[in-house]
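2 protein chains.
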Amino acid sequence: MLNQNNMLNQLKVVCSLCSLRELCLPIGFGPEELQQLDTLAGSKRLVKRGEYLFRTGSDFTSIYAIRGGFFKTSVLHDDGREHVTGFHMMGDIMGLDAISNEYHVCDAVALETSEICEIPFEKLSELSMIMPVLHQNLHRIMSREIAFDHEIMLMLGKMRAEERLAAFLLNLSQRFSARGYSAASFQLRMTREEIGSYLGLKLETVSRIFSKFQEEGLIAVQKKLIELKDANALKRLLGGLA
Amino acid sequence: MLNQNNMLNQLKVVCSLCSLRELCLPIGFGPEELQQLDTLAGSKRLVKRGEYLFRTGSDFTSIYAIRGGFFKTSVLHDDGREHVTGFHMMGDIMGLDAISNEYHVCDAVALETSEICEIPFEKLSELSMIMPVLHQNLHRIMSREIAFDHEIMLMLGKMRAEERLAAFLLNLSQRFSARGYSAASFQLRMTREEIGSYLGLKLETVSRIFSKFQEEGLIAVQKKLIELKDANALKRLLGGLA
DNA sequence: GACACATTATGACTTAGATCAAATCGTTTC
DNA sequence: GAAACGATTTGATCTAAGTCATAATGTGTC
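What follows is the structure, given as structure tokens:
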């Protein structure tokens, strides 16, 4: 069977190379340790703006951790309509929805040149058998994705357009903030059309509501640069909704 | 550490008592074997119509497999609005979205008197450490839920009301069929309002579209009894959409 | 079985967001 | 740097679905 030390070594490599904070940090590596390990060579790779990381129907062999950059995942339909299922940034993991099928069920496209780490799923599974915490964390990550998707379902099913945009901006803000970037000011990596597709709105509606928020002093918009001027007002807009 | 035989025994008990087809069958138990084991006593339990299996905020200790009956899961908001996140029947597993939080993030209510099996998550985790296939299957189930949620997001974000109802009816039909019940005729366990909440529509809209489908000969509706008269037409209604 | 309450159906009207259209602004290409 | 294309903004209309109202029907309770 597996040699535990050998496996542990691989684990370190896999983890370190991916900045898989969610998978790795709870195991006991400190940020510095991780940084050191980070300098090792490995299966990280650049994906240029507009390039596909994977496509619907392609074989599922790996999940992907984003080291840096920005992705969208989407499903494309016969009639040409695209639905954006998510936006993903540093530390996020993509491809988990493919495990059950053995092929990918969405496209993943880089919205800016990005650095990703490919984690062969089979290897991860092996490792997680001897590293209970890794195993737990994988569950936790998948579970979190399910819970988050339920929030999006709520948004799509129950919120008005303004509420969706407010929730979207606050979510982005919170995620940038959690990664050490400014919570109040950030660059949108996606077009108005992609935002609309994600939120179940048309691009014109997105544009109009950005303008409206700006008029009301809630945000400042300069093309792709968004500044949250009154995050509390945005939160109030959400009212009782999560 | 763990005694493997002891664990294996527990596995058999857990599996058998739950009819956890998805978790257990691939391991190599045949249906008959499962049936036999099924007769053992264990942590199965009845949940009466209207009773909660778990509530938002309650401690997460177990996931639940449905042996028989029908549930809805929903999130309730400060302002009293409810959003139904799913309908669940025999063989489905509920509570997976709670793993990451250690408390439940939705309510689960029985829509008819149902029999469920409680699976302590800790025990399942232990077992899955020594039963790789169990472990894999858990991943697969969670992954499938993520992929399915993405389909719902597409539905809520991109489909018109009629398309949503058609997709809803076809999905129910397919699931009943997969469990050995009629694909063409089934009893709705939920109200029009709950259907509407799930699909992001108002109950009046649901009612109107049922009437319209009936006029057009696509379905026959008698209160809660639905008969699909022309499933192909319903599929055509979905057009290019999944 | 009668009362109270929940669910469903249907009509009349309103509205949020879609659609269509046009102008502006930005960015990439050669 | 001019041409060509894509993204964004804004306006004018349209429409699918929501809201409000009422009646009918169904269901549970004592």
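These protein sequences, in sequence, are chains A and B. Be aware that the first sequence starts at 55, since it is given in my numbering, and climbs by one per residue. Be aware that the second sequence starts at 55, since it is given in my numbering, and climbs by one per residue. Built from N, CA and C at the ideal position, the CB exists for glycine as well. Keep in mind that this is a model prediction, so the values were computed, not measured.
Beta-bridge analysis with DSSP links residue 281 of chain A to A:239 and A:274. Residue 193 of chain A carries a helical assignment under DSSP once its states are collapsed to helix, strand and coil. Here residue 122 of chain B carries a strand assignment [DSSP, helix/strand/coil].
When the Cα atoms are used, residue 117 of chain A and residue 177 of chain B turn out to be separated by approximately 27 Å. Residues of the stretch 194-217 of chain A whose Cβ lies closer than 7 Å to any Cβ of chain B, in chain order: 194, 196, 197, 198, 199, 200, 201, 203, 204, 206, 207, 208, 210, 211 and 212. Under a criterion of Cβ atoms nearer than 7 Å, the residues of chain B adjacent to residue 150 of chain A are, in order, 197 and 200.
For residue 214 of chain B and residue 183 of chain A, the gap between their C-alpha atoms comes out near 45 Å.
In this structure residue 158 of chain A is in contact with residue 114 of chain A, their Cβ atoms being roughly 6 Å apart against a cut-off of 8 Å. Looking at the DSSP output, residue 164 of chain B sits in a beta bridge with B:125. The DSSP-derived three-state label of residue 107 of chain B is strand. Residue 269 of chain B: member of the alpha helix (DSSP H) spanning 257-269, first to last residue.
At a cut-off of 9 Å between C-beta atoms, residue 186 of chain B counts as an interface residue with respect to chain A.
Residue 253 of chain B belongs to the set of residues whose beta carbon lies under 9 Å from a beta carbon in chain A. By the Cβ neighbour-count rule, residue 250 of chain A is buried, with 16 or more other Cβ atoms within 10 Å of its own. Here residue 220 of chain A is buried. Its C-beta has 16 or more other C-beta atoms within 10 Å. With a threshold of 9 Å between beta carbons, residue 190 of chain A makes contact with chain B. Interface flag for residue 155 of chain B against chain A is set, since a Cβ pair is found closer than 9 Å.
When the five nearest sequence neighbours on each side are left out, the beta carbons in the same chain lying within less than 7 Å of the beta carbon of residue 160 of chain A are those of 110, 127, 128, 129, 139 and 151, in order along the chain.
Proximity of residue 135 of chain A to chain B, defined by a Cβ-Cβ separation below 9 Å, is satisfied. Interface flag for residue 245 of chain B against chain A is unset, since no Cβ pair is found closer than 9 Å. When B:248, B:191 and B:282 are compared, the shortest CA-CA separation from residue 236 of chain B is found for B:282. Residue 141 of chain A is bridged by DSSP to A:126. Residue A:192 holds the alpha-carbon nearest to the alpha-carbon of residue 154 of chain B among A:192, A:146, A:123 and A:165.
Within chain B, the C-beta atoms nearer than 8 Å to that of residue 160 of chain A come from 204, in chain order. Nearest CB-CB separation between residue 183 of chain B and chain A: below the 9 Å threshold.
Separation of residue 137 of chain B and residue 211 of chain A (C-alpha to C-alpha, rounded to the nearest whole angstrom) is 8 Å.
Residues of chain B whose Cβ lies closer than 8 Å to the Cβ of residue 116 of chain A do not exist; the shortest such Cβ separation is about 14 Å. Here DSSP, grouped into helix, strand and coil, assigns residue 97 of chain B to coil. In the structure shown, residue 116 of chain A falls within a strand segment according to DSSP collapsed to helix, strand and coil. With distances taken between CA atoms, residue 104 of chain B lies nearest to B:244 out of B:244, B:120, B:268 and B:266.
With a 10 Å radius around the Cβ and a threshold of 16 neighbouring Cβ atoms, residue 232 of chain B comes out exposed.
Against chain A, the CB of residue 163 of chain B has no partner CB under 9 Å away; the residue lies outside that interface.
The straight-line gap separating the alpha-carbon atoms of residue 97 of chain B and residue 256 of chain B is approximately 39 Å.
Taking 9 Å as the threshold, the shortest C-beta distance from residue 179 of chain B to chain A falls below it. In this structure, residue 240 of chain A sits away from residue 288 of chain A, with a CB-CB distance that is not shorter than 9 Å. Proximity of residue 167 of chain B to chain A, defined by a Cβ-Cβ separation below 9 Å, is not satisfied.
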